[in-house]
Amino acid sequence: MSNIKENQYFDGNVKSLGYESAEGRSTVGVINPGEYEFGTAQKEIMHVIEGELTALLPESNDWKTSGAGTHFEVPGNSSFKVKATIPTAYLCQYR
């Protein structure tokens, strides 16, 4: 059995549960409205489950909005910003 790890960021405005599967490490969580910056060592595939996220990805000057049922990718060893205007659920896969 894998352990479920609880994560909390930005004074509790971003919370997730982390787990490991046959495909690798993932987190599933909720982002409250606001703007946040994350750093990542591994490539991330960010799936928006409900709501929408607007992201400013590395090497881009343009914010891009991803709605429910879509995803975006973040290269490893980088940082990125996200904005949420409504509570948004996500699945993040680290690959």
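Residue numbers in the sequence shown follow the working numbering, run continuously in steps of one, and reach 100 at the last position.
Where a beta carbon is used, it is the ideal one built from N, C-alpha and C, also for glycine.
The beta carbons of T45 and V19 sit no closer together than 8 Å.
The count of Cβ pairs closer than 8 Å, one atom from the region 86-97 and one from the region 38-58, reaches three, so the stretches are in contact. For G44, the uninterrupted beta strand (DSSP E) segment begins and ends at G39 to T45.
For L58, the enclosing beta strand (DSSP E) stretches over residues E57 to L61. With fewer than 16 other CB atoms across the displayed protein chains lying within 10 angstroms of its CB, S84 is exposed. Note that the C-beta distance between Y99 and S31 is below 8 Å. The criterion of a C-beta distance shorter than 8 Å is not satisfied by N37 and G23.
With contacts defined by Cβ atoms closer than 8 Å, A89 and G39 form a contacting pair.
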